[in-house]
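Note sheet for the following structure.
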Amino acid sequence: MAALTFDALLRGLKQGAPQPVYYLHGEEDMLKEEAIRALLDRVVEPAMRDFNVDVRAAGELDPAGLHALVNTPPMLAARRAVVLRGVEQLRKKSPAREELLHYLANPNPSTLLVLVQSGPAPEPEADLAAHATAVAVGRLAPERVPAWIAHRAGPLGLTLAPDAVELLIAAVGNDLGALAQELEKLGALAAGRTATADDVTAVVGVRRGETLDDLVAAALERRPAAAARLVGPVLEMAGMSGVRIVSALGTALVGTALARAELDRGGSPPRLAEDAVFRHVLAARPFGLGSYKAVAARWVGWAGAWQAAELARALRAALAADRALKGTTVTDDRGIVLQLVLEFAAPRREAA
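As numbered in this note's numbering, residues 1086 to 1437 make up the sequence shown, in order.
Given below as structure tokens:
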């Protein structure tokens, strides 16, 4: 049986009784936590959770402890719930895993068991998936992140202005865990009113026009002065590094090279090239990009300023910068990135 998606799980919980065992796996840990909350909300009343919900690390349980945990009867309720985190820690053929597999063959109807696979591994473990309702919790599509932010902000009593959402995503990216942390801070700062872009600047430390996306756009649009001006402010952002900037520039160069190739393919008009690039991005589903349609449009737009040979040289320069940043323990991140973005303009002057 194919794994459910996160959306299918939520729809199913609204339509009928939960299954006895769920197995959550995939890349997005924040959505796994939301799935756990949805399952608990469906099975155990909040007032009874102290008695009827157990959350354990699977690797810490022996066979006897696991058996007792899943077979304990509920207290003053119809069902209880057990959440086992890190089920991948149960080694194949170990006594505890064998006990779990024995239970999965005939689960206790009064226990909801939620198995949670930690980490980004997208593939489930076959022996667990064969006897549970598997849920593949993948990355949220970039175009859905603004709606997720609004959904996450609601319980915090927080609303965000559209430009605040835009700046928050530009500063933090599509990492739901990082976004959730910043929303908590915004909730404390902007309680009782709509959070603005200035509030995001105060919390995240990023100003409009000075994000990583702005730096990448200036570099790929071959505006070297603007790109050079942004290197310092972007490097000052929390969690930023030269390696991360060069990685973002490299991704943009690869995408722009793909767009250039589509434009050069029989003289394709920009609209057809944009559609082709979008299909490539949708098939690969790379993490960390914005809306795939918007990304495809940007890459095709940038490709108009480059020739294929120039993009190849820029990619070699980006690779050299990446190696320089990673090659020694002491590096001048600012100098290396600054040199790289200035080099992006050099081929154009030579071609002229």
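By construction, the Cβ of each residue, glycine as well, lies at the ideal position given by its N, Cα and C atoms.
Check: Top-ranked residue by Cα proximity to Ala1342, from Gly1327, His1365, Ser1326; Outcome: His1365
Check: Endpoints, the beta strand (DSSP E) within which Glu1218 is located; Outcome: Reading off the sequence shown, one finds Thr at residue 1218, where the question assumed Glu. Counting along the chain, the beta strand (DSSP E) containing Thr1218 begins and ends at 1218 to 1221.
Check: Inter-residue spacing [alpha-carbon to alpha-carbon] between Gly1335 and Val1362; Outcome: 17 Å
Check: Beta carbon of Ser1173 nearer than 8 Å to that of Glu1210; Outcome: It should be noted that the sequence gives Glu, not Ser, for residue 1173. Yes, these two residues count as a Cβ contact at 8 Å.
Check: Contact the segment 1283 to 1299 vs the segment 1264 to 1275: 3+ CB pairs below 8 Å; Outcome: yes
Check: Val1426 vs Ala1304 beta-carbon contact at 8 Å; Outcome: yes
Check: Euclidean distance between Cα positions of Leu1098 and Tyr1108; Outcome: 15 Å
Check: C-alpha distance - Arg1293 paired with Leu1252, whole-angstrom precision; Outcome: 7 Å
Check: Sub-8 Å separation of Ala1181 and Asp1147 beta-carbons; Outcome: yes
Check: Nearest-angstrom beta carbon gap, Arg1345 and Ala1388 [assumed within contact, 8 Å]; Outcome: 4 Å
Check: Arg1307 burial status per 10 Å Cβ neighbour count (16 or more: buried); Outcome: buried
Check: Whether Leu1213 touches Leu1200 by CB criterion (8 Å); Outcome: yes
Check: Proximity winner among Asp1417, Ala1310, Ala1369, Ala1093, relative to Ala1430 (alpha-carbon distances); Outcome: Ala1310
Check: Closer than 7 Å: Glu1347 CB and nearest the ligand ZN heavy atom; Outcome: Absence of the ligand ZN is noted for the structure shown, with no ligands found whatsoever.
Check: Limits of the alpha helix (DSSP H) - the one that Val1167 falls within; Outcome: Note, Val1167: premise wrong, no alpha helix (DSSP H); beta strand (DSSP E) at 1165 to 1170.
Check: Val1422 to Val1316 span [Cα, whole Å]; Outcome: 7 Å
Check: Own chain residues within Cβ distance below 8 Å of Leu1320, not counting five before or after; Outcome: Ser1326, Gly1327, Ile1330, Asp1418, Arg1419, Val1422
Check: Beta-carbon contacts of Gly1373 that lie in its chain and below 7 Å, excluding the five residues immediately before and after; Outcome: Gly1258, Asn1259
Check: Leu1146 in three-state terms, based on DSSP; Outcome: coil
Check: Beta-carbon contacts of Ala1369 that lie in its chain and below 8 Å, excluding the five residues immediately before and after; Outcome: none
Check: DSSP-derived helix/strand/coil call for Thr1341; Outcome: helix
Check: Spatial distance of Gly1150 from Leu1198 (CA atoms); Outcome: 15 Å
Check: Euclidean distance between Cα positions of Arg1434 and Trp1391; Outcome: Note that Arg1434 scores a pLDDT of 48, beneath 50, so its modelled location is shaky and nothing firm can be said.
Check: Helix, strand or coil at Arg1308 according to DSSP, with G and I counted as helix; Outcome: coil
Check: Cβ shell of Ile1254 (< 8 Å), same chain only, five flanking positions each side left out; Outcome: Val1230, Pro1231, Ile1234, Leu1264, Gly1375
Check: Contact belief for Ala1143 with Gly1171 at Cβ below 8 Å, rounded distance in angstroms; Outcome: 5 Å
Check: Identity of the residue in Thr1196, Ala1256, Leu1241 nearest Asp1248 by Cα; Outcome: Ala1256
Check: DSSP state of Arg1293 mapped onto helix, strand, coil; Outcome: coil
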